[in-house]
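Under the working numbering, the sequence shown has 531 at position 143, and the numbering climbs by one with no breaks.
Using N, Cα and C, we set each Cβ at its ideal position, and we do this for glycine too.
For clarity, every value in this text was computed on a predicted model and none was experimentally measured.
Below is one structure; the comments refer to it alone.
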Amino acid sequence: MNDSDTPVSRWSDLDRPPLNASALRRGLIRPGALWTSLDVVPATGSTNTDLAGRAAAGLAEGAVLVAEEQTAGRGRLDRRWTAPARSGLFFSVLLRPGPDVAVRHYGWLPLLTGVAVATGLARAAGVDTSLKWPNDLLVTVGGEERKAGGILAERAGDGAVVVGIGLNVSLRASELPVPTAGSLALANAVSLDRDTLLRGVLRSLERWYGEWRTAGGDPALSRVQEAYAAGCATLGRPVRAELPGGRELAGEAVAIDSEGRLVVRTGDGERHAVGAGDIVHLRAAG
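Here it is, written out as structure tokens:
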């Protein structure tokens with residue numbers, strides 16, 4: 389580990405080269421494409437916070453902001469997300485769904501992003517990534533589910549949404565913040581090239597977002613609901629939902645409803661739609 393007061397060269401860790409912003413722009417920004425700008429900064433507190441500020445100033449849809457290091461990255465419930473410089477992908481995108489998409493459908497954006505990231509990584513990294521409702525990206529390390537990434541969507545003014553993605557790429561076992569964390573490297577991904585991975589994820593997100601917007605945000609018509617359910621590791625297993633206000637709900641996760649909520653069937657057969665809260669995957673009895 390480097391002392392925080394010691395200057396660190398951008399090439400100090402040869403296993404973690406910097407992103408090639410020029411090549412990324414050439415590969416992603418083109419006439420008629422979703423992505424309109426792409427900036428890579430050495431470090432920032434939070435790409436979501438930075439991009440939300442630019443959105444308020446009228447930044448066009450399709451802006452991508454990537455940080456080689458985040459010092460105050462945020463997850464749900466304002467949890468911190470930190471990792472060594474260039475050990476992952478830490479970026480945010482600006483989306484403006486427009487008047488053809490009802491605001492009630494905006495809640496599907498983090499789930500849609502999860503589908504896009506999982507399908508993009510399957511192609512670019514050759515690793516199976518599953519989704520834990522509502523916003524976690526899971527990989528398998530040593531036969532165990534580990535969290536390798538997360539998604540945070542936030543409204544950023546009238547009609548704008550900033551979606552942030554954090555993904556552990558080359559994080560080593562000795563660098564894990566908690567034992568339940570993972571990375572693409574620990575999941576034996578066939579590629580850890582962050583340029584390739586970022587291009588793959590952004591192209592996948594462009595495709596899924598385009599289909600969702602063309603369908604007016606309808607999760608069924610755009611196939612987002614079906615795809616999310618197919619890749620969701622939460623469905624079909626016993627869970628405990630830790631709800632706002634200190635309440636808890638235990639049962640089997642049986643469906644994702646049309647509003648993107650997790651449907652939990654309790655022991656009495658009742659179904660409850662969970663729209664917010666932490667989900668704990670439980671081991672099946674026996």
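To the nearest angstrom, how far is it from the Cα of residue i to the Cα of residue j?
i	j	result
T470	S610	34 Å
L572	P607	29 Å
G633	D666	12 Å
R418	T528	36 Å
F479	D656	43 Å
L509	P487	31 Å
R398	V557	Summary for R398: the model assigns pLDDT 47, below 50, so the residue's position carries little reliability; its value from the coordinates is reported in the next sentence. So the two alpha carbons sit approximately 17 Å from each other.
E647	T424	29 Å
L500	Y616	7 Å
L412	I553	17 Å
G663	A618	19 Å
E594	E449	12 Å
V460	L426	At residue 460 the sequence reads Ala, which differs from the Val that was named. So the alpha carbons of these two residues sit roughly 21 Å apart.
A444	E542	13 Å
L631	G415	42 Å
L637	A621	18 Å
N576	L670	25 Å
G514	V491	35 Å
G570	R474	16 Å
G547	G446	11 Å
In this structure, does DSSP put residue i in helix, strand or coil?
i	result
E630	strand
D488	coil
V503	helix
T675	As shown, the chain starts at 389 and ends at 674. That puts residue 675 outside it, with no answer to give.
G538	strand
L526	strand
S425	strand
G441	helix
A573	coil
L465	The pLDDT assigned to L465 is 48, lower than 50, so where the model puts this residue is not dependable; a value taken from the coordinates is nonetheless given after this. Note: L465 maps to helix in three-state DSSP.
R418	coil
D403	coil
L559	coil
G433	coil
V551	strand
L453	strand
G588	helix
L509	helix
L412	helix
G531	coil
G495	helix
L593	helix
State buried or exposed for residue i, treating a residue as buried only when at least 16 other CB atoms are found within 10 Å of its CB.
i	result
E456	buried
D524	buried
S434	buried
R582	buried
L519	buried
V578	exposed
P405	exposed
V505	buried
R635	exposed
R601	buried
A512	buried
So, under 8 Å CB-CB, residue i and residue j are touching, yes? Tell me the CB distance rounded to an integer number of Å.
i	j	result
V503	V589	Incorrect: roughly 11 Å between the Cβ atoms, too far for contact.
L439	L453	5 Å
V489	G605	4 Å
V652	V627	6 Å
V549	Y597	Contact flag wrong, Cβ pair sits at about 10 Å.
T517	S592	Contact flag wrong, Cβ pair sits at about 11 Å.
R625	A661	Going by Cβ atoms, the distance from R625 to A661 rounds to 17 Å, so no, they are not a contact pair.
P498	P522	6 Å
L585	L477	6 Å
Unbroken beta strand (DSSP E) runs of length 3 or more, entirely within the stretch 599-673: which are they? 626-630, 636-644, 650-653, 659-662, 666-669
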